[in-house]
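Q: Numbering (the UniProt record's numbering), first residue to last: 1 to 159. For glycine and all other residues, C-beta sits at the position ideal for the given N, C-alpha and C. I'd like to ask you about the structure that follows.
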Amino acid sequence: MWFFRAREIVEFARQIEQKGQQFYQAMAGKAVNDRVKEIMLSLAAEEKEHEAIFTRMLTGLEDYNPPETYPGEYEEYVRALVEGHMFNREPSPEVLACRAGGPGEALDMAIGFEKDSLIFFYELRQLVPEAERSTVDKLIREEQKHIRRLALQRRELDQ
């Protein structure tokens, strides 16, 4: 039987941030709109910082077996989150970035990435030791900030 380990989820979160950085760098490289390029480079730098935070969190994480209403419930839920994340459905962040047809689609893809990450981090928060939750809260606020910034840029692009 598979048992969830918080360490594994934090490692996955670290990989999400790493792929996010690659995605934003690739998006910046193909951006024709200077403002979109600037935002993508800024987000790439922030994703790199988030990756470092998760790397530090890995130290000292212990196994965690959450309460379940039926055997395997949590395994199913975590697997759905992991398998449903944008970067697990695509071959690579770079290939995904190449699929953006223009600035609007690039911003929409970035918003989708941030939403997927936000959902995952909300769940991650419940799975780390109490002492680490404030760090995850900070990351959640950062992801929310990214979504707001991207949505604003998307609206401005449409005007």
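Is DSSP giving Val128 helix, strand or coil here?
A: If DSSP states are grouped into helix, strand and coil, Val128 belongs with coil.
Q: Under 7 Å between the Cβ atoms of Met40 and Ala97?
A: Contact flag unset, no.
Q: Indicate whether Gln15 and Glu47 have their beta-carbon atoms separated by less than 7 Å.
A: No, the pair does not count as a contact, with Cβ atoms beyond the cut-off.
Q: Let me know if Gln153 comes out buried or exposed under the rule of 16 or more other beta-carbons within 10 Å of its beta-carbon.
A: Classification for Gln153: buried.
Q: What is the DSSP secondary structure of Tyr77, reduced to helix, strand or coil?
A: Reduced to three states, the DSSP call for Tyr77 is helix.
Q: Could you check which residue in Glu17, His146, Ala106 and Glu143 has the C-alpha nearest to that of Gly29?
A: Gly29 has its Cα closest to that of Ala106, out of Glu17, His146, Ala106 and Glu143.
Q: For Phe4, which three-state DSSP category applies?
A: Below a pLDDT of 50, predicted positions are generally treated as unreliable, and Phe4, at 46, falls in that range; the measurement from the model is reported next regardless. In the structure shown, Phe4 sits in coil (DSSP, three-state: anything other than H, G, I, E or B).
Q: Taking the Cβ atom as the reference point for each residue, do residue 201 and Pro93 lie within a distance shorter than 7 Å?
A: Only positions 1 to 159 of the chain appear in the structure, and residue 201 is not among them; the question remains open.
Q: Look up Tyr24 in the DSSP assignment and say whether it is helix, strand or coil.
A: Here Tyr24 sits in helix by DSSP.
Q: Between Val32 and Pro129, which are expected to be in contact by the criterion C-beta below 8 Å, what is the C-beta distance as a whole number of angstroms?
A: With a Cβ gap of about 45 Å, Val32 and Pro129 do not count as contacting.
Q: Given this structure, state the Cα-to-Cα distance separating Glu49 from Glu156, to the nearest angstrom.
A: When rounded, the distance between both Cα atoms is 27 Å.
Q: Need the endpoints of the alpha helix (DSSP H) that Ala97 sits in, please.
A: Pro93 to Cys98 is the extent of the alpha helix (DSSP H) around Ala97.
Q: Please name the residue in Pro67, Tyr122, Ala131 and Glu132 whose C-alpha comes closest to that of Gln144.
A: With distances taken between Cα atoms, Gln144 lies closest to Tyr122.
Q: Does the beta-carbon distance from Ala13 to Leu124 come in below 7 Å?
A: Yes; because the gap between Cβ atoms is below 7 Å, this pair is in contact.
Q: Arg133 to Glu68, Cα distance in whole Å?
A: Distance between the alpha carbons of Arg133 and Glu68: 21 Å.
Q: Helix, strand or coil: how does DSSP classify Thr59 here?
A: If DSSP states are grouped into helix, strand and coil, Thr59 belongs with coil.
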